[in-house]
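Undergrad:
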Amino acid sequence: MAKKPSPSLNALRVFDVAARCASFKQAAQQLGVTQAAVTRQIQALEQQLEMTLFHRDNRVHSLTPAGLELAPQLESIFKQLDQTLDRARQLSDNNTTTLTVAIATARLKFWLNQQLADFQSLYPHIQLNFVGCSESPDAAETAELTANLTHDSLDLVIAAAQIRDQHIGRHPLGEITLVPCSNEQDEQRLWQTPWLVNRDSPNQSAYLKHYASNLRATPVIHSNDTLMALELTQSQPRVALVDQRYSQSPHFPSLTLFPQFAATTKPELAVFYHKRRQQSVALVAFTKWLQLISK
106 MAKKPSPSLN ALRVFDVAAR CASFKQAAQQ LGVTQAAVTR QIQALEQQLE MTLFHRDNRV
166 HSLTPAGLEL APQLESIFKQ LDQTLDRARQ LSDNNTTTLT VAIATARLKF WLNQQLADFQ
226 SLYPHIQLNF VGCSESPDAA ETAELTANLT HDSLDLVIAA AQIRDQHIGR HPLGEITLVP
286 CSNEQDEQRL WQTPWLVNRD SPNQSAYLKH YASNLRATPV IHSNDTLMAL ELTQSQPRVA
346 LVDQRYSQSP HFPSLTLFPQ FAATTKPELA VFYHKRRQQS VALVAFTKWL QLISK
């Protein structure tokens, strides 16, 4: 004997609502459909089940004995289904994904941190953990960052780095434009004041070469920490080199910027990640958001 096809779940839902309403018109209003649509669904269900569920009397909206038997069972089943779906949604909502991101402290403080509220509002269940790295890593640190990405100790690296590894992917986030800042306001004093520069940084080294003639008689002091350089620059006659992006931060110190002496340097800022056949949704979401805010 051939098995009869299962009744439509949508039709069962319509019947469940109609059985608890005073009329098909009221059921239609509750479901947000036309009364004719409710009637068609009930008729189709009755044909599938080969039984009459409602008395055909326009003056009375009442269930047949078969309808009376079916209605409370369906109500209970759909209530359980709705509760199960709610629990599943809650589990999904609480399934927090964590990304570990390496980024320079200054870049986090003066660039990324002020925009993170936007990302968290879009993706509240992606948790970001940050660890420190250089703004422009040297060869030794680049090798360490590459190893950490490859072995999944890190999910992402945001830096002006040159990582050439077939297993590491990158998305560009724009060029680095370095600009000097100081507590001195006189442009003439700029070249007479000691500069705090990270000579190990390819970007800052490129800047020194670009303005070599201006800096010929300028004392240059090695400093591999931008935050430390800025702290010293606030309290002493010093000059610090910073990414021009930082000056847009409300937390950037009250220093005089000299944009007329800015210079675009290489390598550019990029986000690096371990290549996989299929990346996690969290990683894709964060990298695309980074590219969006970098335009």
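All you need for our numbering is the position in the sequence shown, starting with 1, plus 105. Beta carbons are placed, not taken as given, at the ideal position from N, Cα and C, and that holds for glycine.
#1: Considering Cα atoms alone, identify which of Ile-147, Arg-382, Lys-393, Glu-373 is closest to Pro-242.
#2: Given this structure, state the Cα-to-Cα distance separating Leu-415 from Met-156, to the nearest angstrom.
#3: Exposed or buried, which one is Pro-307 when buried takes at least 16 other CB atoms within 10 Å?
#4: Taking 6 angstroms as the limit between beta carbons, can you name the residues of its chain near Ser-399, skipping five residues before and five after?
#5: Contact between the segment 298-307 and the segment 336-351: three or more CB pairs below 8 angstroms?
#6: What does a CB cutoff of less than 8 angstroms around Gly-274 pick up in its chain, not counting 5 residues either side in sequence?
#7: Does the Cβ of Thr-139 have 16 or more other Cβ atoms within 10 Å, making it buried, or fewer, making it exposed?
#8: Compute the distance between the beta-carbons of Trp-216 and Gln-309, then report whether it is under 9 angstroms.
#9: State the Cα-Cα distance for the pair Leu-173 and Thr-392, rounded to the nearest angstrom.
#10: For the segment 201-208 and the segment 256-267, state whether three or more C-beta atom pairs, one from each stretch, are separated by less than 8 angstroms.
#11: Report the three-state DSSP secondary structure of Gln-232 (helix, strand or coil).
#12: Roughly how many whole angstroms lie between the Cα atoms of Ser-359 and Glu-289?
TA: Judging by the given coordinates:
#1: Glu-373
#2: Since the first residue of the chain shown is 106 and the last is 400, residue 415 is not available in this structure.
#3: buried
#4: Leu-278, Gly-279
#5: yes
#6: Phe-377, Tyr-378, His-379, Lys-380
#7: exposed
#8: no
#9: 56 angstroms
#10: yes
#11: strand
#12: 11 angstroms
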